[in-house]
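Quick note on our numbering: the sequence shown kicks off at 2 and runs consecutively. Backbone N, C-alpha and C fix where the C-beta goes; we use that ideal spot for every residue, glycine too.
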Amino acid sequence: MSFSSLAQCVEFLSKENELIRIKQEVDPDLEMAEIHRRVFEAKGPAILFERVKGSKFPAVSNLFGTHERAVKILGRELETVKTLVKLQSEPGEALKSPYQALKALPGLVHALPRNTTKGSVLENRAGIEDLPMVRCWPKDGGAFILLPQVCSQDPAKPGIFHSNVGMYRVQLSGNDYLPGREIGLHYQIHRGIANHHAKALDQGEKLKVSIFVGGPPAHTLAAVMPLPEHLPEPCFAGALAGRRFRYTIKDGYVISLDADFCITGTIAMGTKPEGPFGDHLGYYSLQHGFPYLEVDTVFHRNDAIWPFTVVGRPPQEDSVFGRLIHEMTEPAVPVTIPGVTAVHAVDVAGVHPLLFATARERYTPYAPKQPRELLTHACAILGFGQLSLAKYLFIAAHEDTPGLDISDEMAFLVHCLERVDFTRDLHFHTSTTMDTLDYSSEGLNMGSKVVIAAAGEKLRTLLTAFPSGVDLPVSFSNPRLAAPGMVVVKGPAFTDYDQAHKEIPPLGETLAATPSMAGLPLFVITDDSDFAARDFATFLWTTFSRSNPSHDIHGAGSVVRHKHWGCTGPLIIDARIKPFHAPPLVNDPEVEKRVDRLGEKGQKLHGII
2 MSFSSLAQCV EFLSKENELI RIKQEVDPDL EMAEIHRRVF EAKGPAILFE
52 RVKGSKFPAV SNLFGTHERA VKILGRELET VKTLVKLQSE PGEALKSPYQ
102 ALKALPGLVH ALPRNTTKGS VLENRAGIED LPMVRCWPKD GGAFILLPQV
152 CSQDPAKPGI FHSNVGMYRV QLSGNDYLPG REIGLHYQIH RGIANHHAKA
202 LDQGEKLKVS IFVGGPPAHT LAAVMPLPEH LPEPCFAGAL AGRRFRYTIK
252 DGYVISLDAD FCITGTIAMG TKPEGPFGDH LGYYSLQHGF PYLEVDTVFH
302 RNDAIWPFTV VGRPPQEDSV FGRLIHEMTE PAVPVTIPGV TAVHAVDVAG
352 VHPLLFATAR ERYTPYAPKQ PRELLTHACA ILGFGQLSLA KYLFIAAHED
402 TPGLDISDEM AFLVHCLERV DFTRDLHFHT STTMDTLDYS SEGLNMGSKV
452 VIAAAGEKLR TLLTAFPSGV DLPVSFSNPR LAAPGMVVVK GPAFTDYDQA
502 HKEIPPLGET LAATPSMAGL PLFVITDDSD FAARDFATFL WTTFSRSNPS
552 HDIHGAGSVV RHKHWGCTGP LIIDARIKPF HAPPLVNDPE VEKRVDRLGE
602 KGQKLHGII
């Protein structure tokens, strides 16, 4: 749908019975987030909080809480954008299907931003302290803007066509920020705003930044799209919204005129502690020094509504964003990364820790097939945009099973484990950059990656039950099968890596010496094997969010030959909690009880949660 405001979208959802209004006052400190989580888990409606404690503005969440509702909100413009992406990827399609090309023309028109001088967001001004101070998790360092659209311009080429709009975490309160005058700005090292900030620092200048909140929901989705650097997000936002992105330049700031709120300010010289923050991997991002904004002005429209979401262990509402992004960008993958046929970031593992891919393997047509061209494709994937954050990359030859569904995560891992040769098919990148939000390494932004490639005939048949009569070393117990060929065992509490290197080899030796283990190529050591194996999503989250490949991958019969590490197998991943890991997210029991009461008979959320 083409919405000119967030309020218009809220009314649309109300008429569609896709929205619930909570009229009683609700506390933005933990309570609103707990309500959101409960309603999201129940696949419930969007939530309008009409009275937010401490703020004069209403707030809305769970707009994109289900894929079906998200598609309804975006309407036919979503199909227009899909067509545009397909035509860009396959220009010949325009000749084959002129009608499809004509359907995409409105998207091209709407992609042109419109510079004008009047807009609803300029109607009023407020202070930071007037905004809904939403805090989601008990250990969060303060309130955060949870769906920000942070806009910066290239200092060397200012203007809308050299701008970046990204969703970077913004802390409104807490820590050492001067109340109402300073807010935290957490961006990661690979983001577009980082380039702009670096240029400004080189010129000895402060970078001007605008933070849009609300507006047409398509603008929010545009802020998280992994767009090429030459394509500014306002252009994409207009195409997806079915309405040209309306903006003006005021005092050097880009102002989104259709936004509900616009905060302007300059990035200060230096940093201040930011966080902690309960993040989308299911753990807290800890407190670190990050840039902060010296606030200039807070604009808002008359009918302003404050949108927010809640992140945490996936799936959450941002998982729906990920699915939409995948649907829109899927046709572009084979063209953008030639030879790669599909890419799938595994949401339940936290997105960046685990990546699946299929690609062409054409280097050895007359010899026994093994991964060769796949390694070329793997390097291209790990050098491409946000895919470069992948920690574990499993890549399989497309030709081996052309109909393999890469989004069927268990089937894909089974396919790879049936074919991988651990003596040759593991390729590590050590002492490299890693996702800022990933604490499986001891250093911020530092860690490792591994490519696990699989091509050729099946080497083994995976077992679907753990063999009886296997005696594990005394330190390891309670083996549980998480999936065919994948076993979780309980290990002793992790103390340090020196101790781990003494504990794990005996396990490997036992497994290698037991013939019945041949169909179990992957063992994962955890603190609680019952928890890790309770479902496949939990297995993936535990295994890949709590391990750093270079430090935590072990294997029976391991050897380094010509600087290449391999093992005869099975492969062992140490996914125990380490002392330096960030704590997992845990709800506040008292807040849970308060929200429980809202679900009782006669209360507003009865029948929903």
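* Buried versus exposed, by CB contacts within 10 Å (16 or more), Gly-45 -> Gly-45 counts as buried, since at least 16 other C-beta atoms from the protein chains shown sit within 10 angstroms of its C-beta.
* Asked: Exposed or buried, which one is Tyr-498 when buried takes at least 16 other CB atoms within 10 Å?
  -> By the Cβ-count criterion, Tyr-498 is exposed, with fewer than 16 other Cβ atoms from all chains shown falling within 10 Å of its own Cβ.
* Following the continuous beta strand (DSSP E) through Arg-70, name the residue where it begins and the one where it ends. => Where Arg-70 is concerned, there is no enclosing beta strand (DSSP E), although the alpha helix (DSSP H) it sits in stretches over 68-75.
* Asked: Taking the alpha-carbon positions, what's the Leu-356 to Ala-60 distance?
  -> Between the C-alpha atoms of Leu-356 and Ala-60 there is a straight-line separation of about 35 angstroms.
* To do: Thinking Arg-182 and Val-296 are a contact (beta carbons under 8 angstroms), I'd like their distance in whole angstroms, please.
  => Yes, they are in contact, since the Cβ atoms of Arg-182 and Val-296 sit about 6 angstroms apart, within 8 angstroms.
* Asked: Is the beta carbon of Asp-426 within less than 6 angstroms of some heavy atom of the ligand GDP?
  -> Absence of the ligand GDP is noted for the structure shown, with no ligands found whatsoever.
* **DSSP bridge partner residues for Lys-251 (one or two, in chain order)** => Bridge partners of Lys-251: Tyr-254.
* Can you give me the Cβ contacts of Pro-507 inside the same chain, cut-off strictly under 7 angstroms, excluding the 5 residues immediately before and after it? => Excluding the 5 residues flanking it on each side, Pro-507 has same chain C-beta neighbours closer than 7 angstroms at Pro-474, in chain order.
* Continuous beta strand (DSSP E) stretch holding Pro-480: start and end -> Note, Pro-480: beta strand (DSSP E), 478-484.
* What is the rounded straight-line gap between the Cα of Thr-544 and the Cα of Ile-574? -> Looking at the two C-alpha atoms, the distance is approximately 7 angstroms.
* Using CA coordinates, which residue listed in Ile-396, Pro-485 and Gly-290 is at the minimum distance from Ala-346? -> Looking at Ile-396, Pro-485 and Gly-290, the one whose alpha-carbon comes closest to that of Ala-346 is Ile-396.
* Straight-line Cα distance separating Asp-259 from Cys-236 -> Approximately 14 angstroms, taken between the alpha carbons.
* Where Asp-348 falls, given that 16 or more other Cβ within 10 Å makes a residue buried -> Classified as buried, Asp-348 has 16 or more neighbouring CB atoms from the shown chains inside 10 Å of its CB.
* For His-552, which option in Phe-162, Ser-441, Ala-219 and Asp-280 has the closest C-alpha, if you only look at C-alpha atoms? -> Just measuring C-alpha positions, the residue of Phe-162, Ser-441, Ala-219 and Asp-280 sitting nearest His-552 is Ser-441.
* What is the C-beta distance between Met-226 and Ser-174, in whole angstroms, given that I count them as a contact (C-beta under 8 angstroms)? -> At roughly 29 angstroms, the Cβ-Cβ gap does not stay under 8 angstroms, so Met-226 and Ser-174 are not in contact.
* Asked: If you draw a straight line from the alpha carbon of Ser-449 to that of Lys-392, how long is it in whole angstroms?
  -> Roughly 7 angstroms separates the two Cα atoms.
* Residue of Gln-500, Ile-505 and Thr-511 minimising C-alpha distance to Gly-470 -> Comparing Cα positions, the closest option is Thr-511.
* To do: Report the three-state DSSP secondary structure of His-197 (helix, strand or coil).
  => His-197 falls in the helix class under three-state DSSP.
* Asked: Is the CB-CB distance between Glu-35 and Val-587 below 7 angstroms?
  -> In this structure, Glu-35 keeps its C-beta atom at 7 angstroms or more from the C-beta atom of Val-587.
* Counterpart residues of Pro-516 in DSSP-defined beta bridges -> DSSP, once it has assigned bridges, lists no residue as partnering Pro-516.
* According to DSSP, is Cys-611 helix, strand or coil? -> Outside the shown range of the chain, which is 2 to 610, sits residue 611, and nothing can be said about it.
* Please look up how many angstroms separate the CB atoms of Gly-66 and Glu-362, rounded, as I've assumed it's under 8 angstroms. => So it is not a contact: roughly 40 angstroms between Cβ atoms.
* **Which of helix, strand or coil DSSP assigns to Met-487** => Note: Met-487 maps to strand in three-state DSSP.
* To do: Report the three-state DSSP secondary structure of Gln-611 (helix, strand or coil).
  => Nothing about residue 611 can be read from this structure; the chain reaches only from 2 to 610.
* Just reading off the alpha helix (DSSP H) that Gln-9 is part of, what are its end residues? -> Counting along the chain, the alpha helix (DSSP H) containing Gln-9 begins and ends at 7-16.
* **Unbroken beta strand (DSSP E) run spanning Arg-126, endpoints** => In the DSSP assignment, Arg-126 falls within the beta strand (DSSP E) that extends over 125-127.
* **Rounded straight-line distance, which links the Cα of Leu-521 to that of Leu-599** => Going from the Cα of Leu-599 to the Cα of Leu-521 covers about 47 angstroms.
* To do: Could you tell me how far apart the beta carbons of Phe-467 and Gly-567 are, in whole angstroms, since I believe they sit closer than 8 angstroms?
  => That pair is no contact at about 25 angstroms.
* the region 411-419 in contact with the region 479-496 per 3-pair CB rule at 8 angstroms -> Contact holds: three or more Cβ-Cβ distances are below 8 angstroms.
* Nonlocal neighbours in the same chain, by C-beta distance under 8 angstroms from Gln-288, ignoring five residues either side -> Result list for Gln-288: Gly-142, Asn-176, Pro-274, Glu-275, Gly-276 and Pro-277, in chain order.
* Asked: When the Cα of Ala-360 is compared with those of Val-344, Lys-207, Pro-354 and Ala-368, which residue comes out closest?
  -> The shortest Cα separation from Ala-360 among Val-344, Lys-207, Pro-354 and Ala-368 belongs to Val-344.
* Asked: Got a sec? Which residues, its chain only, sit under 8 angstroms from Thr-365 by beta carbon, not counting five neighbours each side?
  -> Around Thr-365: Gln-371 and Arg-373.
* Which of helix, strand or coil does DSSP assign to Asp-348? -> Helix, per DSSP.
* Asked: How would you call His-555, buried or exposed, if buried means at least 16 neighbouring beta carbons within 10 angstroms?
  -> Of the other Cβ atoms in all chains shown, 16 or more fall within 10 Å of the Cβ of His-555; this residue is therefore buried.
* Through-space distance from Glu-130 to Lys-57, alpha-carbon basis -> Distance between the alpha carbons of Lys-57 and Glu-130 is about 10 angstroms.
* Of all the options Lys-594, Glu-69, Val-151 and Thr-298, which has the alpha carbon lying nearest to the alpha carbon of Ala-127? -> Comparing Cα positions, the closest option is Thr-298.
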